[in-house]
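Peer 1:
In the UniProt record's numbering, the protein residues as written are 1 to 536.
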């Protein structure tokens, strides 16, 4: 930061935001079942379907539907699909033989009054080539077989679309226009390159934050000592004390309270999630992101050009402020406002990732673990927290609380910003691969600690801990996404893999080297004093 006083003032703002942001710790991808069903039994997996439509020959917006547990296979590629005319059944529920001519067309029916297999058999008996069911809600629903019903003789594809899609097609048909439909069910690739980029972003953020703390500390120390005259040596200790106040050392009690607070806030979001609540989180995220981006940009600029921060201005309320700091702050605020107002755009993920990475880099500079004892308590609590809210919470709440909150259920279409996300470029269904801030911050605190420990104790790369924990973090993330793939895209508690691969690696190395006791009760102040005495 350009000025130590400003960093001290913003410390409480950063950690106020962190209590909201760090609680979301999981990895997820927007996933759809792409397995192929086996015709004609009623045990097909549900596959998403692209429903292309034309009105009087003009292409319309492609709708998304879902297949039934029965019926014929749909082609995986559009070129293999058949373009058919859409006709409404009469009656609309398709529960009895239709008076409308359905031969060679897509029969359209509304949901209700009879089971799905009955609708399919009626449409098929009328000569329909496919059945399109319009749901009575916006959500996609599962079309299974009713008890004691048989779908063995259903040989046409059956697809369900949301209510809004059906209303759009209905308006066109009622106006006397010709509507044509084409169904196909593309299969998502087993792996997308976005996972690799997300892995690089997460590991890069942890490494960058660990090294950045040294860059920032070196720059700040140089700036402070340059401002002192040779006669002001009595003030040197005061500056050192102020520098120490810029950091927050986590203790055992605060580690436990922190995880409990995160759980309470997660429940608050789950029960009271709404669009205004998400907007509150967006504002808090922007505040933290602006602070983080300001810190990162000014650090880089002042590292390259040490004289850029010399120009000062006296402003009301703010007092003496660097002109550089003011300009950077204005740019950061403008960037955050632009992202917030365009957060629904296809490119908004990039702005969200930039703000999030800058925020996490700054947090990992400010927050510190003093030793492995505190790290063990914090990471073990986070380990249990993550597993419970992703895997075990459905036992109590009938769905995963963590995943429900991250998806933004009941938030009016808004989503929370406490994630790094990258679009699945090669996926025909789109969606994002995501990782929660907690999956970077929790292990990042430990990795940053080992970097400081190695530096203070003058350890090399091979006999230190930083490089091995960095590798462990990367391996843990790889295992997370491997689990994501093996579980068909179901959200994973990433700390289930990351904690053993980081904390476990650190403890195991310390045991082998006979340094566990030192790491367990380590004190950076005492170590610094010993190093200073040795140098003297």
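Ideal Cβ placement from N, Cα and C applies to all residues, glycine included.
From this set, 204, 77, 53, 156, which residue's C-alpha is nearest residue 187's C-alpha?
Peer 2: The sequence position of residue 187 within the chain shown is 187, counting from 1. When each option's Cα is compared against that of residue 187, the closest is 77.
Peer 1: Any contact of the stretch 445-461 with the stretch 477-489, i.e. 3+ C-beta pairs under 8 Å?
Peer 2: No contact exists between the stretch 445-461 and the stretch 477-489.
Peer 1: Could you pull out every residue in the same chain whose Cβ sits closer than 6 Å to the Cβ of residue 518, ignoring the five residues on either side in sequence?
Peer 2: Translated into the one-based positions of the chain shown, residue 518 becomes position 518. Here the set comprises nothing.
Peer 1: Rounded to whole angstroms, what's the CA-CA distance from residue 115 to residue 95? Just pull it up for me.
Peer 2: Translated into positions along the chain shown, residue 115 becomes position 115. Translated into positions along the chain shown, residue 95 becomes position 95. Rounded to the nearest angstrom, the two C-alpha atoms are 8 Å apart.
Peer 1: Apart from the five residues on each side of it in sequence, which residues of its chain come closer than 8 Å, Cβ to Cβ, to residue 522?
Peer 2: Residue mapping note: residue 522 aligns to position 522 of the chain shown, counting from 1. If we look at residue 522 and ignore the five residues flanking it on each side, its Cβ neighbours are 370, 371, 372, 453.
Peer 1: If we ignore side chains and look at the alpha-carbon of each, how far apart do residue 155 and residue 71 end up?
Peer 2: Position 155 of the chain shown, counting from 1, holds the residue named residue 155. Position 71 of the chain shown, counting from 1, holds the residue named residue 71. Their backbone Cα atoms lie some 5 Å apart in a straight line.
Peer 1: Going by beta carbon distance, what residues of the same chain come within less than 7 Å of residue 141, once the five residues before and after it are set aside?
Peer 2: Along the chain shown, one-based indexing puts residue 141 at 141. Excluding positions up to five away in sequence, the list reads 135, 160.
Peer 1: I'd like to know whether the C-beta atoms of residue 128 and residue 158 end up nearer to each other than 8 Å.
Peer 2: Start at 1 with the first residue of the chain shown, and residue 128 comes out as number 128. Start at 1 with the first residue of the chain shown, and residue 158 comes out as number 158. No.
Peer 1: Which whole-angstrom value is the C-beta distance of residue 55 and residue 65, which I expect to be below 8 Å?
Peer 2: Counting from one through the chain shown, the residue named residue 55 turns up at place 55. Counting from one through the chain shown, the residue named residue 65 turns up at place 65. Not really, about 18 Å apart at Cβ, beyond 8 Å.
Peer 1: What residues are listed by DSSP as bridge partners for residue 118?
Peer 2: Indexing the chain shown from 1 puts residue 118 at position 118. BP columns for residue 118 are empty, so no partner.
Peer 1: What residues are listed by DSSP as bridge partners for residue 367?
Peer 2: To locate residue 367, count along the chain shown from 1; it is residue 367. Residue 367 is bridged to 248.
Peer 1: Tell me the DSSP bridge mates of residue 516?
Peer 2: By 1-based counting over the chain shown, the position of residue 516 is 516. Note: residue 516 sits in no beta bridge, so no partner.
Peer 1: Using CA atoms only, rank isn't needed, just tell me which of 206, 100, 92, 101 is closest to residue 111.
Peer 2: For the purposes of this step, residue 111 is taken as residue 111 along the chain shown, with counting starting at 1. Closest option to residue 111, Cα to Cα, is 92.
Peer 1: Work out the CA separation of residue 429 and residue 184 for me, nearest whole Å.
Peer 2: Here residue 184 corresponds to residue number 184 of the chain shown, with the count starting at 1. Here residue 429 corresponds to residue number 429 of the chain shown, with the count starting at 1. So the alpha carbons of these two residues sit roughly 12 Å apart.
Peer 1: Please return the same chain residues whose Cβ sits closer than 7 Å to the Cβ of residue 326, not counting the five positions on each side in sequence.
Peer 2: In the chain shown, the residue the question calls residue 326 occupies position 326. Correct list, in chain order: 313.
Peer 1: Alpha carbon to alpha carbon, how far is residue 415 from residue 342?
Peer 2: For the purposes of this step, residue 415 is taken as residue 415 along the chain shown, with counting starting at 1. For the purposes of this step, residue 342 is taken as residue 342 along the chain shown, with counting starting at 1. Approximately 13 Å, taken between the alpha carbons.
Peer 1: Could you spell out the range, first to last residue, of the beta strand (DSSP E) harbouring residue 88?
Peer 2: Counting from 1 along the chain shown, the entry for residue 88 is found at position 88. Here the beta strand (DSSP E) through residue 88 covers 84-88.
Peer 1: Can you check which of these residues, 462, 352, 199, 305, is closest to residue 498 by C-alpha distance?
Peer 2: In the chain shown, residue 498 corresponds to position 498, counting from 1. Looking at the Cα atoms, 199 is the closest of the given residues.
Peer 1: Where does the unbroken alpha helix (DSSP H) through residue 504 begin, and where does it stop?
Peer 2: Residue mapping note: residue 504 aligns to position 504 of the chain shown, counting from 1. Neither: residue 504 is in no alpha helix (DSSP H) and is coded neither H nor E.
Peer 1: Compare the C-alpha of residue 440 against each of 511, 479, 201 and name the closest.
Peer 2: Here residue 440 corresponds to residue number 440 of the chain shown, with the count starting at 1. Nearest option by C-alpha distance: 201.
Peer 1: Could you give the DSSP three-state label for residue 352: helix, strand or coil?
Peer 2: One-based indexing of the chain shown puts residue 352 at position 352. Looking at residue 352 - three-state DSSP - the assignment turns out to be helix.
Peer 1: If you follow the alpha helix (DSSP H) that residue 480 is in, where does it begin and where does it stop?
Peer 2: Sequence index remark: in the chain shown, residue 480 carries index 480 (1-based). 466-486 is the span of the alpha helix (DSSP H), which, as asked, contains residue 480.
Peer 1: Quick one: measure Cβ to Cβ for residue 493 and residue 386, integer angstroms, because I've assumed they're closer than 8 Å.
Peer 2: Against the chain shown, residue 493 aligns to sequence position 493. Against the chain shown, residue 386 aligns to sequence position 386. Right, their Cβ atoms sit about 4 Å apart.
Peer 1: Thinking just about the alpha-carbon of each residue, which of 426, 510, 289 is nearest to the one in residue 464?
Peer 2: Your numbering for residue 464 matches position 464 in the chain shown. Closest option to residue 464, Cα to Cα, is 510.
Peer 1: Assign residue 512 to one of two classes, buried (16 or more other C-beta atoms within 10 Å of its C-beta) or exposed (fewer than that).
Peer 2: Residue 512 sits at position 512 when you count from the first residue of the chain shown. It is exposed - the Cβ of residue 512 has fewer than 16 other Cβ atoms within 10 Å.
Peer 1: Is residue 424 closer than 8 Å to residue 164 when the C-beta atoms are compared?
Peer 2: Here the question's residue 164 lines up with position 164 in the chain shown. Here the question's residue 424 lines up with position 424 in the chain shown. No, they are not a contact pair.
Peer 1: If we count the other Cβ atoms within 10 Å of its Cβ and call it buried at 16 or more, is residue 258 buried or exposed?
Peer 2: Here residue 258 corresponds to residue number 258 of the chain shown, with the count starting at 1. Classification for residue 258: buried.
Peer 1: Going by DSSP, name the residue or residues bridged to residue 53.
Peer 2: The residue labelled residue 53 in the question sits at position 53 within the chain shown. Answer by DSSP bridge pairing, in chain order: 181.
Peer 1: Can you tell me whether residue 283 is buried or exposed, with buried defined as 16 or more other CB within 10 angstroms of its CB?
Peer 2: In the chain shown, the residue the question calls residue 283 occupies position 283. Counting Cβ neighbours within 10 Å, residue 283 comes out exposed, since fewer than 16 surround it.
Peer 1: How many angstroms separate the CA atom of residue 460 from the CA atom of residue 448?
Peer 2: Locating residue 460 in the chain shown gives position 460, where the first residue counts as 1. Locating residue 448 in the chain shown gives position 448, where the first residue counts as 1. When rounded, the distance between both Cα atoms is 16 Å.
Peer 1: Is the stretch 385-401 close to the stretch 471-486, with three or more CB pairs under 8 Å?
Peer 2: The answer is no - the stretch 471-486 does not touch the stretch 385-401, with fewer than three Cβ pairs under 8 Å.
Peer 1: With DSSP as the reference, label residue 320 as helix, strand or coil.
Peer 2: As a first step, residue 320 is located in the chain shown; it is residue number 320 there, counting from the start. DSSP places residue 320 in strand when its eight states are reduced to three.
Peer 1: Where does residue 461 sit, in a helix, a strand or coil, going by DSSP?
Peer 2: For this step, residue 461 is matched to residue 461 along the chain shown. It is coil, neither helix nor strand.
Peer 1: With a cut-off of 8 Å on the beta carbons, I'd call residue 419 and residue 436 a contact; round off their distance for me.
Peer 2: As a working mapping, residue 419 is identified with position 419 in the chain shown. As a working mapping, residue 436 is identified with position 436 in the chain shown. Indeed they touch by this definition, with Cβ atoms about 6 Å apart.
Peer 1: Of all the options 276, 162, 120, which has the alpha carbon lying nearest to the alpha carbon of residue 144?
Peer 2: What you label residue 144 is simply residue 144 of the chain shown in a count that begins at 1. Selected option, being the one with the closest Cα: 120.
Peer 1: I'd like the span of the beta strand (DSSP E) that includes residue 67, first residue to last.
Peer 2: Start at 1 with the first residue of the chain shown, and residue 67 comes out as number 67. Residues 63-67.
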